[in-house]
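Just so you know, we're using the numbering used here here: the sequence shown kicks off at 5 and counts up by one. The structure appears right after this line, and notes come after that.
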Amino acid sequence: MSRFATLSLLAVLALAVVASGCKGSKRNEALTGDNVIRASNEAGIEIAISNIRQHRRHLVLNVDITNNGEAAVELRNPGDVMRGFTIESEGRSVSALSRRGGYWGPWVGYRPGVESSAAGVMELPPGATAGLELHFRWPRPYPDRHDYPWTLTVSQMYKKEGGAALPPIVHSEP
């Protein structure tokens, strides 16, 4: 076998190994019906996670937040990260990224009655739902794994009148 043929064969094999390793490098799971992940707090705020895109470098969640309570609620997240949405995994903790520093940039859908401001405060009246896409980026990627467990905490929620803090919503994935 010629030297060129041997090198070509090795290059093709190396490419095949790399390509097969890339296929299993992430999780992309759309959840529907009974499979949608739901969590709530005693104040009547509910989250529903309908899509999970998990990679060793980042985690992206599509989340709907619904106010099933009797009073309007404010979600306060000023700044360039959204501290009211955090992910913890194996001793690491990161806040959701805001694409447009200080604005509700990640929100993918406003529904009637939902108000937002440039100051990072979103009002959610009773019965209203807002959809969002949360992006979390790990400062150091997980080496060669995408199946890490994680816990989402939604906090920084307050009653509009009186400003009383509401309890956080916490959900863990295996």
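In this text, a Cβ means the ideal position worked out from N, Cα and C, and glycines have one as well. Computed from a prediction, not measured in an experiment: that's the story for all the values here.
Q. Would DSSP call ASN39 helix, strand or coil?
A. Reduced to three states, the DSSP call for ASN39 is helix.
Q.
Going by DSSP in three states, ARG7 sits in which element: helix, strand or coil?
A. Assignment of ARG7 by DSSP, reduced to helix, strand and coil, places it in the helix class.
Q: Name, in chain order, the residues that DSSP records as bridge partners for LEU136.
A: Paired residue(s): VAL67.
**Q.** For ILE51 and THR36, the rounded distance between their alpha carbons
**A.** In a straight line, the C-alpha of THR36 is about 14 Å away from that of ILE51.
Q. For GLY166, does the count of other Cβ atoms within 10 angstroms reach 16, so buried, or fall short, so exposed?
A. Exposed, since its Cβ has fewer than 16 Cβ neighbours within 10 Å.
**Q.** Minimum length 3: unbroken beta strand (DSSP E) runs contained in the region 125-177
**A.** Correct list: 125-128, 133-141, 154-158, 161-163, 173-177.
Q) Is the region 135-145 close to the region 54-74, with three or more CB pairs under 8 Å? A) Taking a cut-off of 8 Å for Cβ pairs, the region 135-145 and the region 54-74 touch, as three or more such pairs fall below it.
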